[in-house]
Amino acid sequence: DAGVIQSPRHEVTEMGQEVTLRCKPISGHDYLFWYRQTMMRGLELLIYFNNNVPIDDSGMPEDRFSAKMPNASFSTLKIQPSEPRDSAVYFCASRTSGVETQYFGPGTRLLVL
Amino acid sequence: KQEVTQIPAALSVPEGENLVLNCSFTDSAIYNLQWFRQDPGKGLTSLLLIQSSQREQTSGRLNASLDKSSGRSTLYIAASQPGDSATYLCAVSSSRLTFGEGTQLTVNP
């Protein structure tokens, strides 16, 4: 298995632009998680899905952030409009029911200028 | 709200030394505790997972212990190697997975 796949790996954009991050979970995994990692706040859970349904989005910082999972093999995290404080590494992770171990993707490093 | 603290923030040791990384958490009502490794510029790799009913887990040179009542876990690394150099994160699962800020380990040859 290729593991969790994220794209792009790096993104540089200007303030005010829309940013879309993509994630393909491991095949057969029914849980998908989006995390953000910064030096100041460490690793934070933004939102997670179970069977494509958002279960807990309390970590989403504000309305500028939205996440979707249209099918079991694809999820997006969108920031519109982006701001410099959104600069961080965004990780996607997945796991299967009954197994607590999460498998992380390589992350998307986002820089908003 | 669950809070996870890791001590020390950074650690530098000579190759071959045994070492202990510490993790503490504020809410003992947890499902499990996990230790992850993160290499620079990479994602996280799960090392060990301890269920709340367990006291320890071992994998090779790694041994993790859990004392739920005191809100503490330790990760013991035996005979450290330069390849062990990475950031080690502790994560506690209650209503959600909450991470500590990590211990940055450097093993010097």
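Sequences listed follow chains A and B, in order.
For the record, in the first sequence the residue sitting at position 92 is 77 according to this note's numbering, with numbers rising by one throughout.
Numbers given in this note's numbering equal positions in the second sequence, counted from 1, plus 1349.
Where a beta carbon is used, it is the ideal one built from N, C-alpha and C, also for glycine.
Here the structure is a predicted model, which is why all the values come from computation and not from measurement.
Aspartate 1388 of chain B burial status per 10 Å Cβ neighbour count (16 or more: buried): Position 39 of the second sequence, counted from the start, is the residue given in the question as residue 1388 of chain B. By the 10 Å Cβ count, aspartate 1388 of chain B comes out exposed.
Other residues of its chain near methionine 54 of chain A: CB distance less than 7 Å, five sequence neighbours each side excluded: Position 69 of the first sequence holds residue 54 of chain A. Correct list, in chain order: Leu17, Phe34, Asn37, Ser60.
Interface flag, glycine 1392 of chain B vs chain A, CB-CB below 8 Å: Taking the first residue of the second sequence as position 1, residue 1392 of chain B is located at position 43. By this cut-off, glycine 1392 of chain B is an interface position.
Neighbour list for asparagine 1381 of chain B in chain A, Cβ cutoff strictly below 9 Å: The sequence position of residue 1381 of chain B within the second sequence is 32, counting from 1. The answer, in chain order, is Glu85.
Three-state secondary structure assigned by DSSP to glycine 1432 of chain B: Counted from its first residue, the second sequence places residue 1432 of chain B at position 83. Three-state result, glycine 1432 of chain B: helix.
Interface residues of the stretch 38 to 63 of chain A facing chain B [CB-CB below 7 Å]: Hits within the stretch, in order: Asp41.
Start and end residues, beta strand (DSSP E) containing asparagine 1367 of chain B: Here residue 1367 of chain B corresponds to residue number 18 of the second sequence, with the count starting at 1. That residue, asparagine 1367 of chain B, is in no beta strand (DSSP E); it is neither H nor E in DSSP.
Cutoff 8 Å: leucine 1370 of chain B Cβ touching any chain A Cβ: Working through the second sequence from its first residue, we reach residue 1370 of chain B at position 21. No, its Cβ sits nowhere closer than 8 Å to a Cβ of chain A.
Within chain A, partners of glutamate 1450 of chain B - CB distance below 7 Å: Counted from its first residue, the second sequence places residue 1450 of chain B at position 101. Within chain A, the residues near glutamate 1450 of chain B are Gly27.
With 16 other Cβ atoms within 10 Å as the buried cut-off, status of leucine 96 of chain A: On the first sequence, residue 96 of chain A is found 111 positions in, with the first residue counted as 1. Flag for leucine 96 of chain A reads exposed.
Arginine 70 of chain A (DSSP reduced to helix, strand or coil): Residue numbering aside, residue 70 of chain A sits at position 85 when the first sequence is read from its first letter. Reduced to three states, the DSSP call for arginine 70 of chain A is helix.
Chain A contacts from the stretch 1424 to 1453 of chain B (Cβ-Cβ distance under 9 Å): Leu1438, Ala1440, Ser1442, Ser1444, Arg1445, Leu1446, Thr1447, Phe1448, Gly1449, Glu1450, Gly1451
Reference leucine 1438 of chain B, options B:Ser1444, B:Ser1377, B:Leu1454, closest by Cα: By one-based count along the second sequence, residue 1438 of chain B stands at place 89. Of the candidates B:Ser1444, B:Ser1377, B:Leu1454, the one whose C-alpha sits nearest the C-alpha of leucine 1438 of chain B is B:Leu1454.
Residue span of the beta strand (DSSP E) that contains tyrosine 1425 of chain B, given as start and end: Sequence index remark: in the second sequence, residue 1425 of chain B carries index 76 (1-based). Per DSSP, tyrosine 1425 of chain B belongs to the beta strand (DSSP E) from 1421 to 1426.
Pairwise C-alpha distance: glutamate 1364 of chain B and serine 1419 of chain B: Translated into the one-based positions of the second sequence, residue 1419 of chain B becomes position 70. Translated into the one-based positions of the second sequence, residue 1364 of chain B becomes position 15. Note on geometry: alpha-carbon atoms of serine 1419 of chain B and glutamate 1364 of chain B lie some 31 Å from one another.
Cutoff 8 Å: glycine 92 of chain A Cβ touching any chain B Cβ: In the first sequence, residue 92 of chain A corresponds to position 107, counting from 1. Interface residue, yes.
Glycine 27 of chain A - containing beta strand (DSSP E), residue span: Position 42 of the first sequence holds residue 27 of chain A. First-last of the beta strand (DSSP E) with glycine 27 of chain A: 27 to 35.
Short Cβ contact (8 Å threshold) for glycine 27 of chain A with glutamate 1450 of chain B: For the purposes of this step, residue 27 of chain A is taken as the residue at position 42 of the first sequence. For the purposes of this step, residue 1450 of chain B is taken as the residue at position 101 of the second sequence. Taking 8 Å as the Cβ cut-off, glycine 27 of chain A and glutamate 1450 of chain B qualify as a contacting pair.
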